[in-house]
Structures are given as structure tokens and as C-alpha cells.
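The sequence shown lines up with residues 2 to 157 when you count with my numbering.
Comments concern the structure below.
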Amino acid sequence: MCVWTPALATETAGGAYPNGAEALAIAVVPPPGLYFLNYTTSYNADRLNDQNGNSAVPKFALDAYSEVGRFINVTPYKFLGANWAQQAFVSVTSLTVHAAGQHQSKFGFGDLIVDPFILAWGKNDTHFVVGMDTFVPTGGYNKNDLANISRHYWTF
Numbered sequence: 002m003c004v005w006t007p008a009l010a011t012e013t014a015g016g017a018y019p020n021g022a023e024a025l026a027i028a029v030v031p032p033p034g035l036y037f038l039n040y041t042t043s044y045n046a047d048r049l050n051d052q053n054g055n056s057a058v059p060k061f062a063l064d065a066y067s068e069v070g071r072f073i074n075v076t077p078y079k080f081l082g083a084n085w086a087q088q089a090f091v092s093v094t095s096l097t098v099h100a101a102g103q104h105q106s107k108f109g110f111g112d113l114i115v116d117p118f119i120l121a122w123g124k125n126d127t128h129f130v131v132g133m134d135t136f137v138p139t140g141g142y143n144k145n146d147l148a149n150i151s152r153h154y155w156t157f
């Protein structure tokens with residue numbers, strides 16, 4: 002705990018989480034019930050840098066558009082004084098990649114994200130949440146493709 006170094010445990014240090022699929026007040030859960038939230042994300046890049054800030058891939062461009070549906074079920078049950086909830090994320094993505102004279106586009110579902118045991122504590126303006134999202138490799142992936150919507154491996 003005294004020495005902090007970054008953990009780079011995925012391909013090219015990328016993340017599995019659908020960035021932008023959360024908002025402010027992440028630890029605040031609504032009253033008991035079933036809820037649906039939809040997040041629309043757009044990401045564009047015209048350069049992919051290496052660890053020194055230099056362009057790593059010539060003629061690189063990327064366009065990604067996603068709709069991420071989040072289903073939240075807040076139960077009426079309490080555990081250790083916390084509200085018990087579950088959630089699932091379903092993402093649909095359109096991805097176009099240009100790199101080194103090659104081009105590929107994909108459209109489809111990403112990996113499913115589920116969390117069956119979320120505990121959320123809240124009082125006044127102070128909120129805490131504990132859970133472990135599980136990424137289920139349900140999206141399409143091909144190691145030989147230029148564009149992949151899914152990482153296609155289990156992540157916890």
C-alpha cells in the first residue's frame with residue numbers, strides 16, 4: 002500500500018469498462034424498483050500514441066459510437082444497513098478503424114456487464130457503494146481483426 006504503481010493488465014493498457022456509461026452521483030441509488038438508464042457515447046481519435054507520446058500507428062483514425070443500456074433493480078431488502086441492488090449493462094457499438102492503410106468497420110453487441118450484489122449506503126449528502134462488476138465475454142471478437150467491439154475475456 003506504500004508503493005503505488007499503475008496496473009496495466011489489459012491489451013495496450015486499455016480498459017474494459019464502457020467509459021462514459023456513468024454520471025455524477027455514482028453511489029446514489031434510487032428507491033426500490035426497476036430502472037433503465039441509457040448512455041450515448043461518442044469517441045473519435047486521429048492518432049494513437051506510444052508510451053513516449055509519438056505516433057505509434059501511421060494513418061490512424063477511429064470512430065466509435067455506443068448506446069449503453071443500464072438496467073438497475075433496487076430491492077426492498079437491506080444487508081448490513083445497505084440497500085441491495087443488481088445491475089446489468091448492455092452495449093451496442095458502431096466502430097470504424099483506419100490504420101496503416103487498412104480499414105474495418107463493425108457493428109454489434111459488446112461484452113455484457115453484470116453485478117448481482119451491489120450494496121449502497123446513503124444518508125443526506127454522503128453515499129457509498131460496493132459491488133463487483135463482472136464482464137461476460139458475449140461480444141464478437143477476432144484476434145486478426147482491426148476493429149473489435151469486445152475484449153472477449155472475463156473481467157472482474
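Quick reminder that beta carbons are idealized off the backbone N, C-alpha and C, glycines included.
Every value quoted in this text rests on a predicted model; they were computed, and no experiment measured them.
task = Could you spell out where the beta strand (DSSP E) holding Asp-158 opens and where it closes?
result = Examination of residue 158 is not possible in this model, given that the chain is present from 2 through 157 alone.
key: C-alpha distance - Asp-47 paired with Leu-147, whole-angstrom precision   = Within the sequence shown, numbered from 1, the residue matching residue 47 stands at position 46. Within the sequence shown, numbered from 1, the residue matching residue 147 stands at position 146. Distance between the alpha carbons of Asp-47 and Leu-147: 15 Å.
request  = Would you identify the three-state DSSP class for Ala-46, choosing helix, strand or coil?
outcome  = For the purposes of this step, residue 46 is identified with residue 45 of the sequence shown, where counting begins at 1. Ala-46: strand per DSSP, three-state reduction.
request  = Measure the CB-CB distance between Thr-149 and Ala-121 and report whether it falls below 7 Å.
outcome  = As a first step, residue 149 is located in the sequence shown; it is residue number 148 there, counting from the start. As a first step, residue 121 is located in the sequence shown; it is residue number 120 there, counting from the start. This sequence places Asn at residue 149; Thr is not what is there. Not closer than 7 Å, so no.
inquiry  = Using a 10 Å radius around the Cβ and a threshold of 16 neighbouring Cβ atoms, would you call Leu-81 buried or exposed?
reply    = On the sequence shown, position 80 is the one that residue 81 refers to. Flag for Leu-81 reads exposed.
Backbone CA spacing between Val-58 and Ser-151 [nearest angstrom] = What you label residue 58 is simply residue 57 of the sequence shown in a count that begins at 1. What you label residue 151 is simply residue 150 of the sequence shown in a count that begins at 1. Cα to Cα, the separation comes out at about 21 Å.
key: Simplified DSSP assignment, three categories, for Gln-105   = Taking the sequence shown and counting its residues from 1, the one referred to as residue 105 is at position 104. Residue state, collapsed to three classes: strand.
task = Label Thr-94 either buried or exposed according to how many other C-beta atoms from any shown protein chain fall within 10 Å of its C-beta, with 16 as the threshold for buried.
result = Here residue 94 corresponds to residue number 93 of the sequence shown, with the count starting at 1. Classification for Thr-94: buried.
Bridge partners - Pro-123, DSSP secondary structure assignment = Mapped onto the sequence shown, residue 123 falls at position 122. The sequence shown places Gly at residue 123, not Pro. Beta-bridge pairing links Gly-123 to His-128.
inquiry  = Our contact map puts Asp-116 next to Asp-134 with C-beta atoms below 8 Å; I'd like the distance itself, whole angstroms only.
reply    = Within the sequence shown, the letter at position 115 stands for residue 116. Within the sequence shown, the letter at position 133 stands for residue 134. That pair is a contact at about 5 Å.
query = So, helix, strand or coil for Pro-117, using DSSP?
reply = Reading the sequence shown from its first residue, position 116 is the one you call residue 117. Here Pro-117 sits in strand by DSSP.
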